[in-house]
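Have a look at the structure below before the remarks.
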Amino acid sequence: MRLPLLLLVVVACSGAPPVPHVRYANAPAIEVVNDRRDVRKKPVEVPYERYLENFDGSFHRLMTRKLELKRPERARGVNALDEVPDSTWFTNRIGVREVSVAEIATVPGSIGTPENYKPWTIISSKVGGLTVGFIMKDTRGEKFLLKFDQRSFPEAETAAQIVMGRLLWAIGYNVTDDYIVHLRREDLVLAPDAVDKNPEGVEVKLDDHRLQARLATININKDGSMRALASRYLEGKPLGGHPPEGVRSDDPNDRIPHELRRDLRGTQAIFAWLDHSDVHTGNTLDMWVSDPENPSWHYVKHYFIDFGIALGFGAAKNKNPRYGYEYEVDWSAMARSLFSLGLVQRPWEDRKRPQLRGIGTYDIARYDPGTWKPLTPMYTPIRVADRIDNFWSSKIFMKIRRQHIEAAVDAAQLSDPRARAWLVEALIARQRKTAKYWFERVNPVDEIHVVDGGLCFKDLSLTYAFEPIATTRYTVTSYNRRGKRVVATASFAARGDVSCAPLALADDVDSYTIVRVVTRRPNFKRATFVYVARALPTAPPRVIGIWRQ
234 MRLPLLLLVV VACSGAPPVP HVRYANAPAI EVVNDRRDVR KKPVEVPYER YLENFDGSFH
294 RLMTRKLELK RPERARGVNA LDEVPDSTWF TNRIGVREVS VAEIATVPGS IGTPENYKPW
354 TIISSKVGGL TVGFIMKDTR GEKFLLKFDQ RSFPEAETAA QIVMGRLLWA IGYNVTDDYI
414 VHLRREDLVL APDAVDKNPE GVEVKLDDHR LQARLATINI NKDGSMRALA SRYLEGKPLG
474 GHPPEGVRSD DPNDRIPHEL RRDLRGTQAI FAWLDHSDVH TGNTLDMWVS DPENPSWHYV
534 KHYFIDFGIA LGFGAAKNKN PRYGYEYEVD WSAMARSLFS LGLVQRPWED RKRPQLRGIG
594 TYDIARYDPG TWKPLTPMYT PIRVADRIDN FWSSKIFMKI RRQHIEAAVD AAQLSDPRAR
654 AWLVEALIAR QRKTAKYWFE RVNPVDEIHV VDGGLCFKDL SLTYAFEPIA TTRYTVTSYN
714 RRGKRVVATA SFAARGDVSC APLALADDVD SYTIVRVVTR RPNFKRATFV YVARALPTAP
774 PRVIGIWRQ
């Protein structure tokens with residue numbers, strides 16, 4: 234394990250220091266975390282106890298955590314440049330490279346649709362959830378979970394799974410390999426030992442009569458065809474979901490408490506954008522996998538799964554407009570309603586679902602990124618996420634352009650062109666609304682680097698036209714490692730989304746300099762500290778650290 238790049242020291246000076254107490258080592262930032270070390274013994278599979286976790290997240294742990302009087306803590310799992318390195322949790326994709334439309338349409342490494350490998354042999358019915366589904370194998374021997382839409386909401390749940398999965402993959406998360414498929418009854422063959430499992434896991438023989446009874450509850454087109462989602466079984470051995478707090482004790486590579494992981498905390502803004510309110514341990518999955526280059530070597534890989542009620546489908550299916558606005562048991566909302574005698578209109582009232590096939594109650598006008606809530610507060614990383622975590626994820630998903638979103642929606646194969654067009658525009662509108670909210674809560678300068686003796690940076694609020702160039706100004710001040718100012722502050726107006734300022738370096742052997750970049754707009758002032766140093770006395774200066782205030 235490499236030594237951490239972030240070192241804390243106390244700056245001895247009177248009064249408040251002009252720069253943070255944070256200091257960074259003069260070294261390149263870590264880009265990949267080595268959390269693929271061999272885990273020889275398979276970790277224990279942890280069953281998901283939904284009711285226990287609901288109670289713990291909504292009552293017991295909610296209260297005990299408050300009694301612990303924990304102070305807000307910055308996220309870990311970030312490098313010196315305030316970015317998340319690649320790991321078994323997250324792989325930088327669109328944040329660091331160009332992701333093609335073809336990659337969104339067919340995610341690299343996917344096995345390919347099973348549609349050309351029929352008939353499908355049903356092994357059993359699926360367990361859990363309210364939708365009809367089966368576990369099946371295609372003629373290649375590949376194993377899939379086959380899920381159908383509810384009859385009253387054709388295409389909506391399967392479309393939500395496809396769209397959100399493609400977008401999460403582009404951002405950097407591990408997701409399942411999913412496809413929209415079309416089939417007929419004759420494409421399904423029952424295995425001799427096929428079983429039907431009830432919600433308690435009790436098994437009986439799955440015969441043709443039981444199969445027909447299940448299929449009778451789903452939407453079947455006039456020509457007898459059916460639409461479904463085929464989700465390939467993940468490689469490896471399932472271990473259950475990751476706990477929302479702490480670490481998996483039997484995985485030596487799991488060293489950062491989950492509530493402090495930036496890649497998990499940053500999902501708050503992402504899930505708000507995509508209205509994925511069903512966030513809990515059961516919709517995550519850890520897999521004990523073999524190393525592709527060394528099959529005898531094993532480690533744990535972490536996935537997000539099951540996004541079927543995203544994009545407003547949960548509110549539509551359950552006829553509950555509170556989804557995304559209040560917890561299922563929301564003490565603060567109940568108190569507001571009690572003291573206002575119910576006379577104050579709540580933001581979720583009068584939510585309407587577009588009458589389009591495959592579209593849920595995915596609203597834009599009433600949506601507020603700062604107050605969005607999942608169904609329960611049980612997923613601690615979201616509950617403790619801060620503005621810097623959400624700025625990190627927002628700046629990544631803003632690199633998802635219209636053509637990427639169109640490709641993700643096209644992969645969902647919505648039959649109504651109006652639904653396709655509506656969903657694309659709604660995703661873009663919520664994407665921009667979410668990012669604008671979080672960009673207003675930090676200094677949104679990014680892509681900071683040294684060029685020809687100047688410090689250059691991009692103002693993301695100008696890049697995406699969230700703020701006007703004309704009213705934007707910057708001040709840049711250089712300090713040495715002891716916090717003493719090097720030269721007078723430079724002040725200048727923005728002329729575009731990219732600005733450069735002369736870089737005055739400290740008179741040290743390695744020119745270690747702390748540069749305070751302040752962005753000013755009407756009613757806005759935020760600072761970012763950029764750490765610059767030379768690798769060698771004769772080498773050009775480079776950025777070695779970023780601290781967002």
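Heads up: the sequence shown begins at 234 in our numbering, then just goes up one per residue. Quick reminder that beta carbons are idealized off the backbone N, C-alpha and C, glycines included.
query, result
"Endpoints, beta strand (DSSP E) assigned at Arg759", "757-767"
"Span separating the alpha-carbon of Asp730 from that of Ala461", "45 Å"
"Arg754 versus Arg706: straight-line alpha-carbon distance, rounded", "7 Å"
"Helix, strand or coil at Glu680 according to DSSP, with G and I counted as helix", "strand"
"Between the CA atoms of Ile356 and Asp440 - distance to the nearest angstrom", "11 Å"
"Beta-carbon spacing of Asp496, Trp353 below 8 Å", "no"
"Buried versus exposed, by CB contacts within 10 Å (16 or more), Leu241", "Per-residue confidence for Leu241 stands at a pLDDT of 37, beneath the threshold of 50, marking its modelled position as unreliable; no derived number is given."
"Cut-off 6 Å between Cβ atoms - residues of its own chain near Gly557, not counting five sequence neighbours on either side", "Asp508, Ser510, Trp605"
"Nearest residue (CA-CA) to Leu600, options Arg584, Tyr612, Gln588, Thr613", "Before going further, note that residue 600 is Tyr rather than Leu in the sequence given. Ranking the options by Cα distance to Tyr600, first place goes to Arg584."
"Cα-Cα separation, Asn454 to Asn527", "47 Å"
"Buried versus exposed call for Arg235 [16 or more other C-beta atoms within 10 Å across all chains shown]", "With a pLDDT of only 41 at Arg235, under 50, the local geometry of the prediction cannot be trusted, and the value read off the model is given with reservation. Exposed, since its Cβ has fewer than 16 Cβ neighbours within 10 Å."
"Close beta carbons around Ser320, own chain, < 8 Å, minus the five adjacent residues each side", "Val265, Val266, Asp268, Gly310, Asp496"
"Thr346 and Val396 closer than 8 Å at C-beta", "no"
"Same chain only: Cβ atoms within 6 Å of Glu348, ignoring 5 sequence neighbours per side", "Val414"
"Phe725 beta carbon near the ligand NAP (any heavy atom closer than 7 Å)", "Ligands in the displayed structure: none, and consequently the ligand NAP is not present."
"Length of the line joining the Cα atoms of Glu306 and Asp692", "26 Å"
"C-alpha gap between Ala726 and Ser732, whole angstroms", "9 Å"
"Coarse secondary structure for Gln501, derived from DSSP in three states", "helix"
"Complete runs of the beta strand (DSSP E) confined to the stretch 685-757 [at least 3 residues]", "687-692, 706-713, 723-726, 731-735, 746-754"
"At least 3 beta-carbon pairs within less than 8 Å: the stretch 655-672 vs the stretch 590-597", "yes"
"Where Ile629 sits in the DSSP three-state scheme", "helix"
"CB-CB length for Asn516 against Asp539, believed under 8 Å", "5 Å"
"Check whether Ile747 and Arg714 have beta carbons under 8 Å apart", "yes"
"Exposure of Trp402, with buried meaning 16 or more beta-carbon neighbours within 10 Å", "buried"
"Boundaries (first-last residue) of the beta strand (DSSP E) holding His513", "It is not in any beta strand (DSSP E) - His513 carries neither H nor E in the DSSP assignment."
"8 Å Cβ cutoff met for His531 and Val522", "yes"
"Reference Arg384, options Arg256, Phe699, Met459, closest by Cα", "Met459"
"Whole-Å CB distance - Ala392 paired with Gln501, under 8 Å assumed", "That belief does not hold up - the Cβ atoms of Ala392 and Gln501 are roughly 23 Å apart, past 8 Å."
"Short Cβ contact (8 Å threshold) for Pro477 with Tyr612", "yes"
"Every unbroken alpha helix (DSSP H) within the stretch 524-598, with a cutoff of 4 residues, ordered by chain", "546-550, 564-572"
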